[in-house]
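Data first, discussion second: the structure below is written as structure tokens.
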Amino acid sequence: MIAWIRGSQKRTEQLTLEVTAQSREAVWERTESLMHSLGAAEARGYARARARAAVTRTADTVIRAQRDAVSPRVREQIIEKSLESVVDWVVQRRRATEFRPAQRRAA
Numbered sequence: 000m001i002a003w004i005r006g007s008q009k010r011t012e013q014l015t016l017e018v019t020a021q022s023r024e025a026v027w028e029r030t031e032s033l034m035h036s037l038g039a040a041e042a043r044g045y046a047r048a049r050a051r052a053a054v055t056r057t058a059d060t061v062i063r064a065q066r067d068a069v070s071p072r073v074r075e076q077i078i079e080k081s082l083e084s085v086v087d088w089v090v091q092r093r094r095a096t097e098f099r100p101a102q103r104r105a106a
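Residue 0 is where the sequence shown starts when you use numbering that gives the first Met the number 0, and the numbers rise one by one after that.
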């Protein structure tokens with residue numbers, strides 16, 4: 000029984016990683032234009048709102064490709080974990096691509 004649970008958890012983690020990887024760029028493309036004009040909290044909320052549809056669509060596609068059925072509860076877990084990962088990635092990318100004017104230094 001424990002081996003089955005571990006196998007199930009590992010499969011859920013693998014599906015989550017796959018959904019996250021396939022969703023990132025699509026979410027970035029949907030959010031990129033406004034991300035730099037928003038504050039940090041606003042950007043996170045905006046990314047989360049825009050990411051949900053893309054992550055859900057990707058999760059359904061990935062799950063459909065599986066031979067074994069995935070329960071609705073596990074599907075929701077995959078979507079929620081992937082959503083958090085994608086939003087974190089988009090926010091980090093926003094910070095990494097943020098324009099920072101050069102600082103003048105005294106001679």
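Heads up, the beta-carbon is just placed ideally off N, CA and C, and yes, glycines get one too.
Taking a 10 Å sphere around the C-beta of L82, we find 16 or more other C-beta atoms and assign the residue as buried. With 16 or more other CB atoms across the displayed protein chains lying within 10 angstroms of its CB, L14 is buried. Taking C-beta atoms as the reference points, V26 and A64 fail to come closer than 8 Å. Counting other Cβ atoms within 10 Å of its Cβ, K9 stays below 16 and is therefore classed as exposed.
Membership of Q76 in the alpha helix (DSSP H) is indicated by the continuous run P71 to A95.
Relative to T60, the option among R74, R49, A50 and R47 whose CA is nearest is R74.
The beta carbon of I78 is closer than 7 Å to those of V54, T55 and A58 in its chain, skipping five residues each way along the sequence.
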